[in-house]
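Peer 1: Going by my numbering, the letters in the sequence shown line up with residues 12 to 310, in that order. Don't be surprised by glycine CBs; every beta carbon is placed ideally from N, CA and C. Keep in mind that this is a model prediction, so the values were computed, not measured.
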Amino acid sequence: MTKRLPSLDILVAGDVNADLLINGQARFEQGKELLLDDATLTLGGSSSITAFNLARLGVRTGMLGWVGADAFGRFVRERLEEAGVDVTWLRETRAMKSGLTIWASSGARKAGLTYPGTIARLRSRDVTAEALGCARHLHIGAYFLLGGLHRGAGAVLARARRLGLTTSLDCNWDPSGAWDSGIRAALAHTDLFFPNEPEALRLTGRRNVRAAAEELAALARVVAVKRGAKGALVHSKLGWLEVKAPRVRAIDTTGAGDSFNAGFLAAYLEGKDLEACAERGVAAGALAVTRVGGTPAFV
Ligand SMILES: Nc1ncnc2c1ncn2[C@@H]1O[C@H](COP(=O)(O)OP(=O)(O)OP(=O)(O)O)[C@@H](O)[C@H]1O
Ligand SMILES: [Mg+2]
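1) Spell out a yes or no on whether the segment 20-35 and the segment 55-69 are touching, meaning 3 or more CB-CB pairs, one atom from each, closer than 8 Å.
2) Give, in chain order, every unbroken run of the beta strand (DSSP E) that is at least 3 residues long and sits entirely within the segment 18-93.
3) Can you list, in chain order, the residues of its chain whose CB lies under 7 Å from that of A142, leaving out five sequence neighbours each side?
4) Distance, Cα to Cα, A240 vs P257?
5) Would the segment 293-300 count as touching the segment 267-275 if we require 3 or more Cβ pairs under 8 Å?
6) In this structure, what does DSSP give as the bridge partners for F204?
7) Is F155 near ligand 1, going by C-beta to nearest heavy atom under 8 Å?
8) Quick check: is any heavy atom of ligand 2 less than 8 Å from the C-beta of D181?
9) By the 10 Å Cβ neighbour count, where 16 or more other Cβ atoms means buried, how is A243 classified, buried or exposed?
10) List in chain order: all unbroken beta strand (DSSP E) runs of 3+ residues lying wholly within the segment 116-183.
11) If I measure Cβ to Cβ from G158 and keep anything under 7 Å in the same chain, skipping five residues before and after, which residues do I get?
12) Using a threshold of 8 Å, is the CB atom of S135 nearer than that to any non-hydrogen atom of ligand 2?
13) For the candidate residues A50, A287, R136, E103, whose alpha-carbon lies nearest to that of A115?
14) How about A277 and L65: do their beta carbons lie closer than 9 Å?
15) What do you reckon, is the C-beta of G268 under 8 Å from a heavy atom of ligand 1?
16) Given D81, which residues of its chain have a CB within under 8 Å of its CB, disregarding the five upstream and five downstream residues?
17) Assuming G152 and T61 make a contact with CB atoms under 8 Å, what is their CB distance in whole Å?
18) Roughly how many angstroms separate the alpha carbons of A166 and T139, rounded to a whole number?
19) Could you tell me which residues DSSP puts in a beta bridge with W100?
20) May I ask you to check if the CB of K237 is nearer than 8 Å to at least one heavy atom of ligand 1?
21) With H, G and I counted as helix, E and B as strand and the rest as coil, what does DSSP make of V300?
22) Spatial neighbours of A171 within its chain, please: C-beta separation below 6 Å, excluding the five flanking residues on both sides.
23) Does the distance from the CB of V300 to the CB of N34 come in under 9 Å?
24) When every heavy atom of ligand 1 is checked, does at least one fall within less than 8 Å of the C-beta of N28?
25) Contact defined as beta carbons within less than 8 Å: I believe R120 pairs with A37. What is the distance between those atoms, to the nearest angstrom?
26) Determine the direct distance from the alpha carbon of L16 to that of L174, and round the result to whole angstroms.
27) Within 10 angstroms of its Cβ, does A223 collect 16 or more other Cβ (buried), or is it exposed?
28) For A229, does the three-state DSSP call read helix, strand or coil?
29) Give the secondary structure of I194 by DSSP, where H, G and I count as helix, E and B as strand, and everything else as coil.
30) Should E210 be counted as a contact of ligand 2 given a C-beta to heavy atom distance under 8 Å?
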C-alpha cells in the first residue's frame, strides 16, 4: 500500500481561545467602575496565535483543540478560517464554555486573567493517529495550561515521532507554580522547545540562561530561549546561536513568543538551518509587537 502524502505541513494542538485586551487600567478597584482607553476582542491562545501566523506565513496548518458552543468559540473558529487554517480537528463541546484570557494593560504594566474552560479539556486521545497522519510536524503550545494533556503528552509526542513527524513544544508560564506537570517526559520526545527566559530559569531552578538552556537541551534536541527585546538564544548539539532582535517600537508584546514559534517553524519546515530558523523567529516576534494583539501584524 502506498502511503498518502500529508496534506498539512503542521498540526498545532493546544489552547484555542479569544483574548480580550483592555487598555488604560491594569487593576480593579473594589466598588468602583473605571473607564478604559480601549478594548479589543482578538484571537488569543498561544497555540491558536501560532497556528494563525503560520498560515499567514504560507505554511499549510491545521488546528487541533476544543472550543465551547458559544460566541467566543465561533469567534476563534472564524478567525482561524480567515487565515486559512484547516479547522477539521477543531472540536466543539456543549459540556463546557470556551476559555478566555483578559489582558489588562496600562503603560508598561500588564496583567492577565485566564478562564481555562475548554483549554484544559484536550486529552491525548484527541490527538488521533488520523490527525497526526495529515501532517509532517506536531506543535503543542501553552503546555502548562493543558491540564488534560499532562499525563499523556509524552505518549502523544512519541506517537507523532513514530508516525514520522517532527515535534515542538512551548510551555508558557505555569500558573500552578509547580513547573513540572510531566513536562520532562514530554521534552524527551521533543525536537524543538521554545520557552522564554524566565520560564527556562523556573523550569531548571538555574540563575543563568545558558546553564538553563544547556540542561533543557539534554532533554529536547533544540532549545530556543526567547529573550524579549534581546532576541533569542538557541542551544543544540551543534552549539550556541545568539540572534539579536531588531529595534522596533513595541506597542504590545501579547503573542510575541507565539509569533516567534511561527517564524521559526515556518523556516524549519522549509528545511532551513537553525540560524535561519532563529532569525525568522526573531523577525516574526519583532513584527508581532508592533501591533496590539498576537495576530494583527500578520493579517
Ligand atoms: N520589545 C521587543 N523588541 C523587538 N523584538 C521583540 C520585543 N519583544 C519581543 N520581541 C521578539 O519576540 C520574541 C519573543 O518574545 P518574548 O521573549 O517576549 O516571548 P514570550 O515571553 O514567550 O512571549 P508571549 O508573551 O507570547 O508568551 C523575542 O525573541 C524577540 O524576537
Ligand atoms: Mg511564551
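Peer 2: So, from the listed chains and residues:
1) yes
2) 19-24, 29-34, 49-54, 72-79
3) As a working note, residue 142 is residue 131 in the sequence shown. So the list reads L22, L75, W100, once near-sequence residues are dropped.
4) Position 229 of the sequence shown, counted from the start, is the residue given in the question as residue 240. Position 246 of the sequence shown, counted from the start, is the residue given in the question as residue 257. Going by the C-alpha atoms only, they are around 8 Å apart.
5) yes
6) Within the sequence shown, the letter at position 193 stands for residue 204. In the DSSP output, where bridge partners are listed per residue, F204 has L180, V234.
7) The residue given as residue 155 occupies position 144 in the sequence shown. F155: no, Cβ never under 8 Å from ligand 1.
8) Mapped onto the sequence shown, residue 181 falls at position 170. For ligand 2, at least one heavy atom lies less than 8 Å from the Cβ of D181.
9) Locating residue 243 in the sequence shown gives position 232, counting from the first residue. Flag for A243 reads buried.
10) 120-126, 146-151, 177-180
11) Position 147 of the sequence shown, counted from the start, is the residue given in the question as residue 158. Excluding positions up to five away in sequence, the list reads A131.
12) As a first step, residue 135 must be located in the sequence shown, where it is residue number 124. Outside the cutoff, so no.
13) Numbered from 1 along the sequence shown, position 104 holds the residue referred to as residue 115. For A115, the nearest C-alpha among the options comes from A50.
14) Reading the sequence shown from its first residue, position 266 is the one you call residue 277. Reading the sequence shown from its first residue, position 54 is the one you call residue 65. Yes.
15) One-based indexing of the sequence shown puts residue 268 at position 257. Because some heavy atom of ligand 1 lies under 8 Å away, the Cβ of G268 counts as near it: yes.
16) Residue numbering aside, residue 81 sits at position 70 when the sequence shown is read from its first letter. Hits under 8 Å: K108, S109.
17) The residue given as residue 152 occupies position 141 in the sequence shown. The residue given as residue 61 occupies position 50 in the sequence shown. That pair is a contact at about 5 Å.
18) Position 155 of the sequence shown holds residue 166. Position 128 of the sequence shown holds residue 139. Approximately 12 Å, taken between the alpha carbons.
19) As a working note, residue 100 is residue 89 in the sequence shown. Looking at the DSSP assignment, W100 forms no beta bridge with any residue, so it has no partner.
20) Position 226 of the sequence shown holds residue 237. Indeed, a heavy atom of ligand 1 lies less than 8 Å from the Cβ.
21) For the purposes of this step, residue 300 is taken as the residue at position 289 of the sequence shown. Coil, per DSSP.
22) Stepping through the sequence shown from its first residue, residue 171 is reached at position 160. Contacts found: L143, L149, T178.
23) Within the sequence shown, residue 300 is the residue found at index 289, counting from 1. Within the sequence shown, residue 34 is the residue found at index 23, counting from 1. Taking 9 Å as the Cβ cut-off, V300 and N34 do not qualify as a contacting pair.
24) Taking the sequence shown and counting its residues from 1, the one referred to as residue 28 is at position 17. Result no, Cβ not under 8 Å from ligand 1.
25) In the sequence shown, residue 120 corresponds to position 109, counting from 1. In the sequence shown, residue 37 corresponds to position 26, counting from 1. R120 to A37, Cβ: 4 Å. Contact.
26) Here residue 174 corresponds to residue number 163 of the sequence shown, with the count starting at 1. Here residue 16 corresponds to residue number 5 of the sequence shown, with the count starting at 1. Straight-line Cα distance between these residues: approximately 12 Å.
27) What you label residue 223 is simply residue 212 of the sequence shown in a count that begins at 1. A223 is buried by the Cβ-count criterion.
28) On the sequence shown, residue 229 is found 218 positions in, with the first residue counted as 1. Of the three classes helix, strand and coil, the one that applies to A229 here is coil, per DSSP.
29) Your numbering for residue 194 matches position 183 in the sequence shown. Residue state, collapsed to three classes: helix.
30) Position 199 of the sequence shown, counting from 1, holds the residue named residue 210. Under cutoff, so the answer is yes.
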